[in-house]
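Here is the structure we will look at, set down as structure tokens.
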Amino acid sequence: MSEAGHRMITRDDIIALEARCLEQIREDVLYSVRNDAKLRAVLTSKNYDDFKNIVDAAHLTPLSASDKMNAKTKNRIWNSATRD
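Position in the sequence shown (first residue = 1) + 271 = our numbering.
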């Protein structure tokens with residue numbers, strides 16, 4: 272066997288592998304969510320813009336009641352231009 276075949280697996284190798292696996296899982300979940308949205312949108316949208324908007328927003332989730340009541344979220348200015 273070659274030298275590379277006998278290399279020891281390091282902690283950094285495991286961390287990098289874990290990061291790649293988690294990223295791949297996130298990509299797979301997003302693909303599934305977007306694909307489901309496409310299947311729904313193809314039946315419900317009237318034009319391409321509606322279809323595109325449905326698919327583009329597929330990964331978003333509505334705010335929960337606790338999110339709405341959270342003081343940090345409630346007082347946050349979403350448009351930084353309004354602070355000036």
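C-beta: ideal position from N, C-alpha, C; glycine also.
Distance between residue j and residue i (C-alpha atoms, nearest Å)
i: Asp-284; j: Ala-328; result: 35 Å
i: Phe-322; j: Ala-308; result: 9 Å
i: Asn-324; j: Ile-280; result: 45 Å
i: Arg-294; j: Arg-305; result: In the sequence as displayed, the identity of residue 294 is Glu instead of Arg. In a straight line, the C-alpha of Glu-294 is about 16 Å away from that of Arg-305.
i: Ala-336; j: His-277; result: 55 Å
i: Lys-339; j: Arg-282; result: 42 Å
Reduced DSSP category for residue i - H, G, I as helix; E, B as strand; rest coil
i: Met-272; result: In this prediction, Met-272 has a pLDDT of 48, which is less than 50 and means its spatial position is unreliable; what the coordinates show is noted afterwards. Met-272 falls in the coil class under three-state DSSP.
i: Lys-317; result: coil
i: Ile-285; result: helix
i: Ile-296; result: helix
i: Ile-325; result: helix
Residue from the options whose Cα sits closest to the Cα of residue i
i: Arg-332; options: Leu-301, Glu-294 and His-277; result: As written in the sequence, residue 332 is Thr, which differs from the Arg given in the question. Thr-332 has its Cα closest to that of Leu-301, out of Leu-301, Glu-294 and His-277.
i: Thr-310; options: Lys-317, Val-326 and Asn-341; result: With the sequence shown as reference, residue 310 is identified as Leu, and Thr is not the correct amino acid for it. With distances taken between Cα atoms, Leu-310 lies closest to Val-326.
Alpha helix (DSSP H) segment containing residue i, residue limits
i: Leu-334; result: It is not in any alpha helix (DSSP H) - Leu-334 carries neither H nor E in the DSSP assignment.
Residue i at chain C interface by Cβ criterion, 9 Å
i: Ser-303; result: Going by chain labels, chain C is absent from the structure shown, which holds only one protein chain.
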